[in-house]
Amino acid sequence: MIEILTAGEVERARESGRLVGNILHTLKSRCQVGTNLLEIDQWTKAMIQSANADSCYVDYAPSFGRGPFGHYICTSVNDAVLHGKPFDYQLKDGDLLTLDLAVSKNGIAADAAISFMIGTHAAPEDLRMIDTTEKALAAAIDAARPGNRIGDISHAIGQVLSHAGYQINLDFGGHGIGSTMHQDPHVPNDGQPGRGFVLRPGLLLALEPWIMSDTDRLVTDADGWTLRSETGARTAHSEHTVAITENGAEILTLPSA
Numbered sequence: 001m002i003e004i005l006t007a008g009e010v011e012r013a014r015e016s017g018r019l020v021g022n023i024l025h026t027l028k029s030r031c032q033v034g035t036n037l038l039e040i041d042q043w044t045k046a047m048i049q050s051a052n053a054d055s056c057y058v059d060y061a062p063s064f065g066r067g068p069f070g071h072y073i074c075t076s077v078n079d080a081v082l083h084g085k086p087f088d089y090q091l092k093d094g095d096l097l098t099l100d101l102a103v104s105k106n107g108i109a110a111d112a113a114i115s116f117m118i119g120t121h122a123a124p125e126d127l128r129m130i131d132t133t134e135k136a137l138a139a140a141i142d143a144a145r146p147g148n149r150i151g152d153i154s155h156a157i158g159q160v161l162s163h164a165g166y167q168i169n170l171d172f173g174g175h176g177i178g179s180t181m182h183q184d185p186h187v188p189n190d191g192q193p194g195r196g197f198v199l200r201p202g203l204l205l206a207l208e209p210w211i212m213s214d215t216d217r218l219v220t221d222a223d224g225w226t227l228r229s230e231t232g233a234r235t236a237h238s239e240h241t242v243a244i245t246e247n248g249a250e251i252l253t254l255p256s257a
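Last residue of the sequence shown: 257 (full-length UniProt numbering), numbering continuous.
Encoded structure:
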């Protein structure tokens, strides 16, 4: 299903997006050496509930996971890149942490992810990966203009990732979002320009470039959820929810100024 939201629904999406952005901003400021992933999950739960919002994850049980997910945020560390299920692990100096959060408020969902380093020891390649996903996300947002197609977004992402020397996995990518978290259209992280669904105002998309440093192959943890690089290589992931408007893409998941 592809939803085209009304002006009123887009306004509600702005509220959901700000909440996601604010929670991620707060969590990043709290995460340090010694922080437990289960603490992050509890902080997230408290902030969602205090905002009278709903988690998109806790009861989520898609075909590709061993559901329900049972937690309020995805916490992916080092070689984990997607759907990281929180567990009893204390963050260490030099860890690369990705937080991926989706929340619904007033019936509209928003989804975003950030990758960042813990402590003071940051490997240059880790920083390069994070920077590359952020640049790819910026290129995707620039391409998300009315009249363009999904393939134009995918191509923009793929150009940045491939030119930086990274292999691209097409199993998981961006997606439509609205009254539910995951909707059509699928937005692969590489593709041909001029192909696919035509973008028009009212469409919400979650755009999410992600990479692994030396592979494009994933393996699934015994928890049935956490996806890791097959080689044990480090990973990075950046995501925003955007609304297509008459003037281009409006980023909804930025924190409040």
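Glycine residues also receive a C-beta, built at the ideal position from the N, C-alpha and C atoms.
Exercise for the section: Less than 8 angstroms between the CB atoms is what I'm expecting for residue 292 and S213, so what's the real figure, rounded? Expected result: Since the displayed the chain opens at 1 and closes at 257, residue 292 lies outside it and no answer follows.
Practice task
Express the C-alpha separation of P209 and A249 in angstroms, rounding to a whole number.
Solution key: Roughly 16 angstroms separates the two Cα atoms.
Handout entry: Neighbourhood of N52 by C-beta distance below 8 angstroms, restricted to the same chain and skipping five residues each side
Key = Excluding residues within five positions, the ones whose Cβ falls inside 8 angstroms are K105.
Handout entry: Counterpart residues of E239 in DSSP-defined beta bridges
Key = Under DSSP, E239 takes part in a beta bridge, and its partners are A113.
Exercise for the section: Please say whether T226 and G70 have beta carbons closer to each other than 8 angstroms? Expected result: Result no, Cβ atoms of G70 and T226 do not sit closer than 8 angstroms.
Exercise for the section: Can you tell me which of D88, Q90 and V103 puts its alpha carbon nearest to the alpha carbon of R12? Expected result: For the set D88, Q90 and V103, the Cα lying nearest the Cα of R12 is the one of V103.
Problem - Cβ shell of Y166 (< 6 angstroms), same chain only, five flanking positions each side left out - result: Contacts found: I211.
Problem - M181 in three-state terms, based on DSSP - result: Reduced to three states, the DSSP call for M181 is coil.
Practice task
Rounded to whole angstroms, what's the CA-CA distance from H182 to A109? Just pull it up for me.
Solution key: Roughly 9 angstroms between the two C-alpha positions.
Practice task
On a CA-only basis, which of P62, H237 and Y72 is nearest residue 263? Give me that one, please.
Solution key: The requested residue 263 does not occur in the structure, where the chain is confined to residues 1 to 257.
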